[in-house]
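For the record, the sequence lines run as chains A and B.
Numbering-wise (our numbering), the first sequence opens with residue 1 and increments by one.
Numbering-wise (our numbering), the second sequence opens with residue 1001 and increments by one.
Quick reminder that beta carbons are idealized off the backbone N, C-alpha and C, glycines included.
Here the structure is a predicted model, which is why all the values come from computation and not from measurement.
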Amino acid sequence: DTGVSQDPRHKITKRGQNVTFRCDPISEHNRLYWYRQTLGQGPEFLTYFQNEAQLEKSRLLSDRFSAERPKGSFSTLEIQRTEQGDSAMYLCASSLGLAGLNTYNEQFFGPGTRLTVL
Amino acid sequence: GENVEQHPSTLSVQEGDSAVIKCTYSDSASNYFPWYKQELGKRPQLIIDIRSNVGEKKDQRIAVTLNKTAKHFSLHITETQPEDSAVYFCAGGYALNFGKGTSLLVTP
């Protein structure tokens, strides 16, 4: 499968625990995005990378959230001290960014990781 | 940051009719406007996109129009079919801020 993959697909955790999700983008894509989606809402931007550099992080993003893309390939999203309000679908997407930061192309989404915080 | 507003939130049409979904954006520097379709339980998938250097783009039954002056863009679906039923999202802004979505129902 050459599409975007995410692991795990489902995660149930207790409030206060830490969780980590992984995203493997399409191999030639240099841009990687994380979104959060709750029922009935559009994807909410969390952060994005161009290669290994984290270029933008939502101001709405709590400091309990951190993302990395150490080698410019796969990425991890960690949520520390989870809260019930963190329950959502976490989507990863990748794209091939052209030269220049202000140029954008189609994003290909992964299947998502559904997080449930009890 | 970019603020994208999408209307209507729900839309019901009869098969064969047209459907129009509208979005407005706030950042005049935005230059890329995609539309995504998300079926229940599935990931969003791009159906059409437009860049700020054109005013209209068409792909078979789907078209998108862009009015940069008014800062709005619209999705047009003609000859709707039941399989068009899904949630549609517009997006704008360099970090792709999504609208809240339009749930389209096409009844036979």
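Closest residue to residue i among the options (Cα-Cα distance)
| i | options | result |
| --- | --- | --- |
| P1108/B | K1037/B, P1082/B, K1057/B and H1076/B | P1082/B |
| V4/A | L55/A, L96/A, F108/A and T13/A | F108/A |
| H10/A | S95/A, L96/A and L91/A | L91/A |
| R59/A | S75/A, V19/A, S73/A and L46/A | L46/A |
| K14/A | T113/A, M89/A and E83/A | E83/A |
| T1065/B | V1020/B, G1016/B and E1005/B | V1020/B |
| E44/A | M89/A, A67/A, S95/A and T116/A | M89/A |
| R114/A | S87/A, S73/A, R64/A and L98/A | S87/A |
| G1052/B | G1041/B, Q1060/B, I1062/B and P1034/B | The residue asked about is misnamed: residue 1052/B is Ser in this sequence, not Gly. Closest by alpha carbon: P1034/B. |
Any C-beta of chain A under 8 Å from that of residue i
| i | result |
| --- | --- |
| R1043/B | yes |
| D1049/B | yes |
| G1016/B | no |
| L1096/B | yes |
| F1089/B | yes |
| Q1034/B | For the sequence presented, residue 1034/B should be read as Pro rather than Gln. Closer than 8 Å: yes. |
8 Å Cβ cutoff met for residue i and residue j
| i | j | result |
| --- | --- | --- |
| G164/A | G1099/B | It is not possible to answer for residue 164/A, since the shown part of chain A is limited to 1 through 118. |
| L1075/B | E106/A | no |
| Y1036/B | P1044/B | yes |
| T1102/B | S1009/B | yes |
| Q6/A | C23/A | yes |
| Q1014/B | A1086/B | no |
| T1080/B | S1018/B | yes |
| S66/A | L32/A | no |
| E1005/B | C1023/B | yes |
| N30/A | G110/A | no |
| G12/A | S94/A | Reading the sequence as shown, one finds Ile at residue 12/A and not Gly. No, the Cβ-Cβ distance between I12/A and S94/A is not below 8 Å. |
| R64/A | R81/A | yes |
| V1106/B | D1084/B | yes |
Short CB-CB distance (under 8 Å) between residue i and chain B
| i | result |
| --- | --- |
| E78/A | no |
| E28/A | no |
| Q84/A | no |
| Q50/A | no |
| F74/A | no |
| Q54/A | no |
| P8/A | no |
| F65/A | no |
| F109/A | yes |
| E106/A | yes |
Under 8 Å from the C-beta of residue i: neighbouring residues of chain A
| i | result |
| --- | --- |
| N1053/B | In chain order: nothing, as chain A lies at least about 12 Å away. |
| L1040/B | Residues of chain A passing the Cβ test: none, with the nearest at roughly 11 Å. |
Residue i: contacting residues in chain B (beta-carbon distance under 8 Å)
| i | result |
| --- | --- |
| L91/A | R1043 and P1044 |
| P25/A | Within chain B, no residue comes near P25/A; the closest Cβ sits about 13 Å away, beyond 8 Å. |
| G112/A | R1043 |
Within chain A, partners of residue i - CB distance below 7 Å
| i | result |
| --- | --- |
| Y1025/B | Going along chain A, no residue has its Cβ under 7 Å from Y1025/B, so there is no contact; the nearest lies around 13 Å. |
Neighbour list for residue i in chain A, Cβ cutoff strictly below 9 Å
| i | result |
| --- | --- |
| K1100/B | G40, Q41 and G42 |
request  = Could you name each continuous beta strand (DSSP E) segment of 3 residues or more that falls completely within the segment 1082 to 1108 of chain B, going from the start of the chain to the end?
outcome  = 1086 to 1092 and 1102 to 1107
request  = Pick out the complete beta strand (DSSP E) segments inside the segment 68 to 92 of chain A, 3 residues or longer, and give them in chain order.
outcome  = 75 to 79
key: Residue ranges of each beta strand (DSSP E) within the segment 7 to 80 of chain A, 3 or longer   = 10 to 13, 19 to 24, 31 to 37, 44 to 50, 53 to 57, 65 to 68 and 75 to 79
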